[in-house]
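> Below you'll find the structure I mean.
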Amino acid sequence: MLHSAHNTIFLTLPLYQKKMKRKLVYIASLFLIASSFTSCDMLGDGCQVCQTVSYDNGNPIAWGIESEYCDQELLTIKAIPPTTYNGVTTQWECR
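No gaps in the numbering here: position 39 of the sequence shown is 30 in the working numbering, and each next residue is one more.
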């Protein structure tokens, strides 16, 4: 009676559980590795130091005060187009 259809299913169930656990551990480790590549963004390293620089005929003539900008502020500053007044072009530069 040990080899009946009902007993065979229950005897092989622990093997499927081990395989499923192994797959879950594999998926969890892949997720951990993938998130470690983007951890700099999660920790706030998406910041840059920016300042205004004014150019006259392509030569820098004045620099603004450097400040650190992050996230939405940084995107807003990078979206500001250069402005020109009396031949002097002023633009934001970030590093």
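Glycine included, each C-beta is placed from N, C-alpha and C at the ideal position. The model shown is predicted, which means the values in this text are computed figures rather than measured ones.
Which residue from 47, 37, 22, 56 puts its Cα closest to that of residue 81?
If we check each option's Cα against that of residue 81, 47 comes out closest.
> Between the Cα of residue 61 and those of 22, 78, 37, spot the shortest distance and give me the residue it belongs to.
Ranking 22, 78, 37 by Cα distance to residue 61 puts 37 first.
> For residue 68, name the three-state secondary structure that DSSP assigns.
Helix at residue 68.
> With distances taken Cα to Cα, identify the nearest neighbour of residue 52 among 58, 59, 43.
Residue 43 is the option with its Cα nearest to residue 52.
> Let me make sure I understand the geometry here. Which of 39, 68, 24, 49 has the alpha-carbon closest to that of residue 75?
Checked all of 39, 68, 24, 49; the closest Cα to residue 75 is 49.
> Using the C-alpha atoms, what's the distance from residue 10 back to residue 68?
So the two alpha carbons sit approximately 51 Å from each other.
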